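Number of protein chains: 2
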Amino acid sequence: MRVSLKDVAEHAGVSIKTVSNVVNKYQHVTPAMRARVQEAIDELGYRPNLTARHLRKGRTGIIALAVPELGNPYFAELAGAVIDAAAEHDFTVLLDHTRGEREQEVLVSQGFRARVIDGLILSPLELEADDLLGREDDVPLVLLGERQYDLPYDHIAIDNVAAARTAVRHLIGRGRSRIAYLGARTDSANRPANLRLQGWREELTQAGIAAPDNLVGPVGGWNRWDGAKAMARMLDAGVRPDAVFAYNDLVAIGAMRVLHERGLRVPWDVAVVGFDDIAEGQFGAVTLTTVSPDKQAIARLAVASLLRSLEGAGEPEGRELAAEFRLVERESTLGRR
Amino acid sequence: MRVSLKDVAEHAGVSIKTVSNVVNKYQHVTPAMRARVQEAIDELGYRPNLTARHLRKGRTGIIALAVPELGNPYFAELAGAVIDAAAEHDFTVLLDHTRGEREQEVLVSQGFRARVIDGLILSPLELEADDLLGREDDVPLVLLGERQYDLPYDHIAIDNVAAARTAVRHLIGRGRSRIAYLGARTDSANRPANLRLQGWREELTQAGIAAPDNLVGPVGGWNRWDGAKAMARMLDAGVRPDAVFAYNDLVAIGAMRVLHERGLRVPWDVAVVGFDDIAEGQFGAVTLTTVSPDKQAIARLAVASLLRSLEGAGEPEGRELAAEFRLVERESTLGRR
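If you're matching them up, the sequences are chains P and V in order.
When the letters of the first sequence are read in order and numbered with UniProt numbering, they come out as residues 1 to 337.
When the letters of the second sequence are read in order and numbered with UniProt numbering, they come out as residues 1 to 337.
Structure (structure tokens):
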């Protein structure tokens with residue numbers, strides 16, 4: 001038989017109201033009382049009915065997370081962090097992937113399943129500001145990524161220009177002067193890709209190093225094969241960089257495979273820096289130096305933004321929320337120690 | 001203003017019922033009529049209200065997928081396949097990760113959010129049959145993984161013993177005779193791990209090759225670091241295999257990193273076979289030979305099983321649904337071509 005709130009109250013010798021206060025994490029419970037109730041909960045194996053608690057507040061207990069692609073470990077790791085951050089507030093996460101297609105992103109942002117979710121965390125790739133202007137849905141929305149929309153939705157990003165400059169500065173510091181950028185997309189509104197290209201150019205220019213167009217490698221996407229193709233195309237064109245800054249770790253890993261096949265040694269012949277700090281970069285024959293965004297911070301900020309809207313603490317304001325980043329130096333620029 | 005079914009009907013010059021039939025993908029519509037209506041839908045940018053369609057059938061339009069870990073690319077890729085398979089039937093996917101903890105798996109399987117989902121696809125690691133016996137929930141359930149439960153729920157698996165034997169046979173065919181198995185868990189009910197160990201032992205025994213205990217490497221988990229630690233422990237104990245069959249690709253990738261650090265060349269000194277065929281294995285300095293389960297088939301079978309229950313086509317029967325596997329041969333056993 002299912003253990004009830006009443007059973008816990010009797011076992012702990014306290015009122016049902018007190019148990020409810022502990023379960024609902026209200027502030028006005030003494031630590032001693034909290035411990036006593038928790039002990040009874042543990043002993044009886046009581047499971048609070050989360051769904052009922054959310055329903056009492058007129059909520060579903062579900063927030064949605066829309067990412068371009070789960071096959072990209074960055075988004076999978078980010079989704080894991082969001083799921084954990086949401087669970088701390090007893091929310092579960094409805095996951096959708098948009099394939100980075102604008103049509104899918106529009107569908108999601110327009111709230112076609114508004115009735116079943118309390119909030120939406122959207123990581124757009126191709127969405128335009130206009131697509132959000134017509135939004136009829138009143139489900140709270142928070143955007144992951146650069147501010148490209150002058151709209152009243154919070155967005156969470158790292159400083160992509162500064163991050164790219166940090167990566168390029170590290171390569172210059174390792175004595176490199178023909179530093180390629182792999183991951184340009186001329187046909188795309190993708191703002192991070194353009195900002196990282198901008199950071200690459202700014203840092204080189206400031207150091208008095210050439211940033212010619214033939215060191216900019218366009219990609220058709222941001223997966224491993226895209227990086228491999230872009231690297232092969234650059235080498236086939238007779239361009240020989242002594243370093244590569246890649247849009248993300250997957251592009252870097254694809255490029256490193258091609259360098260290996262061509263007999264170019266990383267980092268001695270070509271140093272490589274990625275972006276995202278996915279777990280994969282810590283393995284392989286050459287571990288990957290990378291820009292590491294604070295994924296846990298991004299996840300916590302996103303969930304906190306939705307909760308803020310749900311609690312009615314003022315209208316959404318379109319705040320810019322910044323997450324930190326750091327450069328993690330590994331063998332692809334330092335060599336084997 | 002939102003485009004309605006009526007707008008589409010007027011634009012196409014057909015009845016609302018006909019448009020509804022096309023949108024709901026009923027069979028009794030001629031291809032010509034379907035094309036005519038689709039053209040009107042495309043021109044007007046009509047979006048069917050999926051939520052309403054599900055609600056009419058007393059459904060939420062949501063199925064849940066619970067996997068141990070999204071940080072493992074196998075489960076992320078599988079989740080992507082399930083999301084696509086569900087989308088074909090206009091279902092969206094609620095994602096949960098259980099961290100492979102029995103407590104979390106019990107919570108999910110007991111249906112603590114039964115009110116918001118139509119079905120549950122659960123990929124258990126540590127769940128026991130008893131945990132499912134007490135299930136009060138009538139939400140359809142399908143299990144991914146080996147039959148370890150004599151219970152009326154469909155389950156979908158590949159033949160793990162046969163798959164392991166195929167991997168080991170390939171290594172024997174490459175002239176190896178000291179073949180280790182990395183990924184044993186003595187403290188765990190995890191059935192695939194035990195079945196793969198069984199397959200390893202059977203194939204070696206049949207070939208008249210020794211299968212001593214010191215060639216079985218226990219792991220604390222199934223991630224890259226677990227594989228690295230298990231490989232290091234075996235080498236530190238003075239055991240020198242000439243091949244490794246790993247529980248999964250992540251364990252194999254961790255082991256390969258340690259082999260590289262110790263100056264042992266893959267495949268010349270030690271050949272390696274993984275399991276799962278995650279995209280990561282196609283890159284790195286040495287691409288990974290692996291057992292490749294048909295993830296798309298697993299996803300399609302799981303969604304079809306839930307739909308079958310939802311349509312009331314008989315009670316769930318606890319069918320065994322098998323997905324195919326194949327061995328993908330790459331550099332970690334063949335060397336560089």
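Backbone N, C-alpha and C define an ideal beta-carbon position, used for all residues, glycine too.
In this text the structure is predicted, and so the values were computed from the model without any measurement.
Could you work out which residues of chain P lie near F283/V, taking near to mean beta carbons separated by less than 7 Å?
Under the 7 Å cutoff, chain P gives R224, I253, G254, R257.
Which chain P residues sit within Cβ distance under 8 Å of V93/V?
The answer, in chain order, is L94, L95, D96.
Looking at the strands, I want to know which residues DSSP matches up with F275/P.
Note: F275/P sits in a beta bridge opposite V291/P.
Out of curiosity, what's the CA-to-CA distance linking M1/P and I62/V?
The predicted model places M1/P with a pLDDT of 47, which falls under 50 and marks its position as unreliable; any figure quoted below should be read in that light. Using only the alpha carbons, I get a separation of about 28 Å.
Tell me where the alpha helix (DSSP H) around G80/V begins and ends.
Where G80/V is concerned, the enclosing alpha helix (DSSP H) stretches over 73-87.
Would you decide whether P68/V is buried or exposed? Buried here means 16 or more other CB atoms lie within 10 Å of its CB.
With 16 or more Cβ atoms within 10 Å of its Cβ, P68/V is classed as buried.
Within 7 Å of any Cβ in chain P, is that where the Cβ of A79/V sits?
A79/V counts as touching chain P.
Would you report the Cα separation of A201/V and I172/V, rounded to the nearest angstrom?
One detail in the question is off: residue 201/V reads as Arg in this sequence, not Ala. Rounded to whole angstroms, R201/V to I172/V spans 13 Å at the Cα level.
Would you say M1/V lies against chain P (beta-carbon separation less than 7 Å)?
Since pLDDT at M1/V reaches only 48, below the 50 mark, its modelled position is unreliable, and the value read off the structure follows with that caveat. Chain P, which has no Cβ nearer than 7 Å to the Cβ of M1/V, makes this no.
Along the chain, which unbroken stretches of the beta strand (DSSP E) at least 3 residues long are found entirely within the stretch 162-221 of chain P?
Qualifying beta strand (DSSP E) stretches, in chain order: 179-184, 216-218.
With burial defined as no fewer than 16 other Cβ atoms inside 10 Å of the residue's Cβ, what is the status of S15/P: buried or exposed?
Burial call: exposed.
Measuring only between beta-carbons, confirm whether E71/V sits less than 7 Å from chain P.
The question names Glu, but residue 71/V is Gly in the sequence shown. At least one chain P Cβ lies under 7 Å of G71/V.
For the candidate residues D138/V, D7/V, D96/V, whose alpha-carbon lies nearest to that of G312/V?
Checking every option, the nearest Cα to that of G312/V belongs to D138/V.
Starting from the beta carbon of I83/P, find every residue of chain V whose beta carbon is closer than 9 Å, and list them in chain order.
Those within 9 Å of I83/P in chain V are L70, L95, D96, H97.
For a quick check, are the C-beta atoms of V251/V and A167/V less than 7 Å apart?
No, the pair does not count as a contact, with Cβ atoms beyond the cut-off.
Relative to the C-alpha of T205/P, which candidate in L144/P, A40/P, R165/P, Y74/P has its C-alpha closest?
Comparing Cα positions, the closest option is R165/P.
Using a beta-carbon distance below 7 Å, is A76/V in contact with chain P?
Answer yes: the Cβ-Cβ gap between A76/V and chain P drops below 7 Å somewhere.
Closer than 7 Å, CB to CB, is H11/P near chain V or not?
Not closer than 7 Å to any Cβ of chain V, the Cβ of H11/P fails to qualify, so no.
How about E280/V: is its C-beta nearer than 7 Å to some C-beta of chain P?
Judged by the 7 Å Cβ criterion, E280/V is in contact with chain P.
Could one say the Cβ of H89/V lies closer than 7 Å to chain P's Cβ atoms, at least one of them?
Judged by the 7 Å Cβ criterion, H89/V is not in contact with chain P.
With respect to the beta strand (DSSP E) encompassing T98/V, which residues constitute its N-terminal and C-terminal limits?
Careful: T98/V lies outside any beta strand (DSSP E) and carries neither H nor E.
On a Cα-Cα basis, can you pick out the residue from A302/P, L288/P, V8/P, D277/P that is closest to L321/P?
Of the listed residues, the one whose Cα sits closest to L321/P is A302/P.
Output the distance between the C-alpha atoms of V142/V and A85/V, rounded to the nearest integer angstrom.
For V142/V and A85/V, the distance between alpha carbons rounds to 15 Å.
Could you tell me which residues DSSP pairs with A246/P in its beta bridges?
A246/P is bridged to L182/P.
Verify whether the separation of the beta carbon atoms of S332/V and P267/V is less than 7 Å.
Contact flag set, yes.
How big is the Cα-Cα spacing for E146/P and K17/V?
Using only the alpha carbons, I get a separation of about 45 Å.
Take the Cβ of L125/P as the centre, count every other Cβ of all protein chains shown within 10 Å, and call the residue buried at 16 or more, exposed below.
When all chains shown are included, L125/P counts as buried.
Can you name the residues of chain V whose CB is closer than 7 Å to the CB of H260/P?
Those are A285, listed as they occur along chain V.
For E320/P, name the three-state secondary structure that DSSP assigns.
Strand, per DSSP.
Give the single residue among D7/P, V8/P, R330/P whose Cα lies nearest to the Cα of H170/P.
Out of D7/P, V8/P, R330/P, R330/P has the C-alpha closest to the C-alpha of H170/P.
Does DSSP put I117/V in a helix, a strand or coil?
Looking at I117/V - three-state DSSP - the assignment turns out to be coil, as it is neither helix nor strand.
By DSSP, does M1/V sit in helix, in strand, or in coil?
Its pLDDT being 48, under 50, M1/V is placed unreliably by the model, and nothing is read from it.
Assuming G254/V and M234/V make a contact with CB atoms under 8 Å, what is their CB distance in whole Å?
Actually they are not in contact, since the Cβ atoms of G254/V and M234/V sit about 12 Å apart, beyond 8 Å.
Since L151/V contacts G318/V with CB under 8 Å, what's their CB separation in whole angstroms?
6 Å between Cβ atoms; contact.
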